[in-house]
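Student: If you scroll down you'll find the structure; I have some questions about it.
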Amino acid sequence: MTGEALFPLFGKGALTIVENITDYDKPFLTYEEQMDLMESRNIIIQNRDFTRRALSGLSYYTIINGYKNTFLSQIGTDNFIEGTKFDDLYTLHMIDTNLNTIILKYILFVERYLKTKLSYIISENYGVYTNIEDLSNCNPKDYLFRGNYSRSAYGRNNILLRIKETLTSNRINPSVAHYANDKNHIPAWILMTNLTFGLAIKWYSILKNDDKARLCTEFIPESDISISDKKEFITIAFSLLREYRNRIAHSNRTFNVTGLPVLPKRQLLTLSRNALSPDEYNKNFGKSDLFAVILVCFILIDDRYILSNFLRDLIYILDPYKTIVMNRSTILKILGLPENLNDRLKQLLLEKFSDINVNQNNIERT
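Structure below.
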């Protein structure tokens with residue numbers, strides 16, 4: 004090694020590795036030193052033993068760096084507002100972690116709904132046979148035949164190829180392997196179990212207009228919304244859920260996620276049944292954030308038992324902290340959720356399923 008950079012320098016502050024560096028940006032710190040650093044940045048440590056155990060299990064980076072923007076006196080600095088407690092950061096991390104698990108769970112239900120409805124329509128219209136070896140998808144008897152899908156759909160042939168290639172990859176699941184080895188065909192509902200949410204969405208995107216309209220109407224049966232509006236909402240809603248899930252699945256926060264697809268206003272306000280107001284939407288609330296994700300799940304999941312459980316799960320996680328104030332904000336405000344979240348979702352359930360009994364005994368934790 005000559006002391007020259009091992010990697011290209013792309014600009015000021017870019018990573019370079021030099022043999023004689025002794026003053027590292029992020030040197031190793033013991034747990035005691037980490038706590039001293041926190042105190043130097045205005046973080047109050049009320050119990051050093053508890054804090055040390057938290058740092059040894061969850062790490063300084065996870066707890067402090069992951070949630071510091073909520074408590075900084077000025078963004079871009081490392082100084083926390085007066086009165087910030089380590090316990091606040093720890094509590095916010097635990098709420099966020101539990102909420103992460105719940106949101107992922109119900110996005111998965113939407114994914115299952117899509118895959119089930121999609122495979123049903125394809126199987127009913129185009130059969131249950133596909134030739135694993137025919138990567139060109141030129142056989143009219145194959146449900147992945149190009150002619151079964153929209154000629155104008157962007158990337159149609161490549162998407163069909165990617166779907167077919169999952170059947171011969173090294174990552175096929177036991178269900179697909181069983182059908183490949185012990186059955187004489189692999190139907191779409193089995194193939195679907197081997198696809199990612201993203202690839203299932205791409206499969207949906209290349210459907211012919213009639214097939215796409217049918218699937219959208221199954222998700223959104225409301226007659227006062229046009230087919231074109233349903234298609235627009237479904238496309239953006241799927242994209243929102245996929246991108247949001249990808250972000251939080253890699254240990255990112257469930258709140259303050261930016262750069263997400265924006266749900267169309269007219270359809271969202273109609274389908275959310277007053278759970279979101281026009282004024283809130285105009286203020287960028289509920290259209291591309293955590294609340295938007297929750298609303299999409301409530302709109303697309305057509306099962307009152309699942310949605311009642313979703314609401315119960317949210318109540319179980321959030322209610323114990325509803326009176327806690329951090330940096331002059333409630334937990335719900337920090338998460339970007341309405342203060343009356345429970346009431347809004349209960350009312351949405353009542354209107355979505357007119358015969359459902361949504362009351363305290365039915366959905367709140369005992």
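Mapped onto the working numbering, the consecutive letters of the sequence shown carry residue numbers 4 to 369.
Built from N, CA and C at the ideal position, the CB exists for glycine as well.
When you compare only the Cα positions, how much space is there between L310 and Y129?
Tutor: Taking the sequence shown and counting its residues from 1, one reaches residue 310 at position 307. Taking the sequence shown and counting its residues from 1, one reaches residue 129 at position 126. Their backbone Cα atoms lie some 32 Å apart in a straight line.
Student: Among M38, N312, F83, L58, which one has its Cα closest to the Cα of M329?
Tutor: Within the sequence shown, the letter at position 326 stands for residue 329. Measuring from the Cα of M329, the nearest candidate turns out to be F83.
Student: Between the alpha carbons of S122 and R154, how many angstroms are there, rounded?
Tutor: By 1-based counting over the sequence shown, the position of residue 122 is 119. By 1-based counting over the sequence shown, the position of residue 154 is 151. Rounded to whole angstroms, S122 to R154 spans 20 Å at the Cα level.
Student: On the three-state DSSP scale, how would you describe K233?
Tutor: Mapped onto the sequence shown, residue 233 falls at position 230. Note: K233 maps to helix in three-state DSSP.
Student: Would you kindly work out how many angstroms separate the C-alpha atoms of R250 and G86, rounded to a whole number?
Tutor: Numbered from 1 along the sequence shown, position 247 holds the residue referred to as residue 250. Numbered from 1 along the sequence shown, position 83 holds the residue referred to as residue 86. Their Cα atoms are separated by approximately 31 Å.
Student: From what residue to what residue does the alpha helix (DSSP H) around M38 run?
Tutor: Residue mapping note: residue 38 aligns to position 35 of the sequence shown, counting from 1. Its alpha helix (DSSP H) spans residues 34-43.
Student: May I ask you to verify whether the region 232-239 touches the region 312-322, counting CB pairs closer than 8 Å and requiring at least 3?
Tutor: With the cut-off at 8 Å, the region 232-239 and the region 312-322 do not touch.
Student: Roughly how many angstroms separate the alpha carbons of V299 and I98, rounded to a whole number?
Tutor: Residue numbering aside, residue 299 sits at position 296 when the sequence shown is read from its first letter. Residue numbering aside, residue 98 sits at position 95 when the sequence shown is read from its first letter. Those two C-alpha atoms are separated by around 21 Å.
Student: What residues in its chain sit with their C-beta under 8 Å from that of I374, if we drop five residues either side in the sequence?
Tutor: As displayed, the chain neither begins before 4 nor continues past 369, which places residue 374 out of reach and without an answer.
Student: So what does I47 bridge to, in DSSP terms?
Tutor: Residue numbering aside, residue 47 sits at position 44 when the sequence shown is read from its first letter. I47 pairs with K88.
Student: Considering G201, what are the terminal residues of the alpha helix (DSSP H) in which it resides?
Tutor: The residue labelled residue 201 in the question sits at position 198 within the sequence shown. Segment 200-208, the alpha helix (DSSP H) holding G201.
Student: Below 6 Å CB to CB, which residues in the same chain sit around I209 once its five sequence neighbours on both sides are set aside?
Tutor: Numbered from 1 along the sequence shown, position 206 holds the residue referred to as residue 209. Same-chain partners within the cutoff: Y152, S153, A156, R159, I162.
Student: Taking the alpha helix (DSSP H) that P281 falls in, what are its first and last residues?
Tutor: Taking the first residue of the sequence shown as 1, we reach residue 281 at position 278. Element bounds for P281: 281-285.
Student: Less than 6 Å between C-beta atoms, sequence neighbours within five positions excluded: which residues of the same chain meet that for F200?
Tutor: Position 197 of the sequence shown, counting from 1, holds the residue named residue 200. The answer, listed in chain order, is E114, R245.
Student: What does DSSP give as the partner residue(s) for F83 in the beta ladder?
Tutor: Residue numbering aside, residue 83 sits at position 80 when the sequence shown is read from its first letter. Per DSSP, L75.
Student: In whole angstroms, give me the CA-to-CA distance for I106 and D346.
Tutor: To locate residue 106, count along the sequence shown from 1; it is residue 103. To locate residue 346, count along the sequence shown from 1; it is residue 343. Their backbone Cα atoms lie some 19 Å apart in a straight line.
Student: So, at 7 Å on beta carbons, what are the nonlocal neighbours of I125 in its own chain, with the 5 sequence-adjacent residues on each side left out?
Tutor: Taking the first residue of the sequence shown as position 1, residue 125 is located at position 122. Y146, A191.
Student: If you count every other CB in all the chains shown that lies within 10 Å of the CB of R56, and 16 or more means buried, which is it?
Tutor: The residue you call residue 56 lines up with position 53 of the sequence shown. Its Cβ having fewer than 16 others within 10 Å, R56 is exposed.
Student: Taking all protein chains shown into account, do 16 or more other C-beta atoms lie within 10 angstroms of the C-beta of Y308, making it buried, or fewer, making it exposed?
Tutor: On the sequence shown, residue 308 is found 305 positions in, with the first residue counted as 1. It is exposed - the Cβ of Y308 has fewer than 16 other Cβ atoms within 10 Å.
Student: Just the Cα atoms here: how many angstroms apart are I214 and N173?
Tutor: Here residue 214 is taken as the residue at index 211 of the sequence shown, counted from 1. Here residue 173 is taken as the residue at index 170 of the sequence shown, counted from 1. Here the sequence assigns Asp to residue 214, which means Ile is not the residue at that position. Approximately 31 Å between the Cα atoms of the pair.
Student: Grab the span of the alpha helix (DSSP H) containing F294 for me, first residue to last.
Tutor: Numbered from its first residue, the sequence shown carries residue 294 at position 291. F294 -> alpha helix (DSSP H) spans 293-303.
Student: Going by DSSP, what residues sit across from Y152 in a beta bridge?
Tutor: Within the sequence shown, residue 152 is the residue found at index 149, counting from 1. BP columns for Y152 point to L210.
Student: What's the gap between the Cα of I135 and the Cα of S62?
Tutor: Position 132 of the sequence shown holds residue 135. Position 59 of the sequence shown holds residue 62. Going from the Cα of I135 to the Cα of S62 covers about 47 Å.
Student: Report yes or no: do the region 224-238 and the region 257-274 share at least 3 C-beta pairs separated by less than 8 Å?
Tutor: Yes, they touch.
Student: Return helix, strand or coil for S376, following the three-state DSSP convention.
Tutor: Because the chain spans 4 through 369 in this model, residue 376 falls outside it and cannot be assessed.
Student: What separation, rounded to the nearest whole angstrom, lies between the Cα atoms of F222 and M195?
Tutor: As a working mapping, residue 222 is identified with position 219 in the sequence shown. As a working mapping, residue 195 is identified with position 192 in the sequence shown. Using only the alpha carbons, I get a separation of about 18 Å.
Student: On the CB-based measure, 16 or more other CB atoms within 10 Å of its CB, does G69 come out buried or exposed?
Tutor: Position 66 of the sequence shown holds residue 69. Per the 10 Å Cβ criterion, buried.
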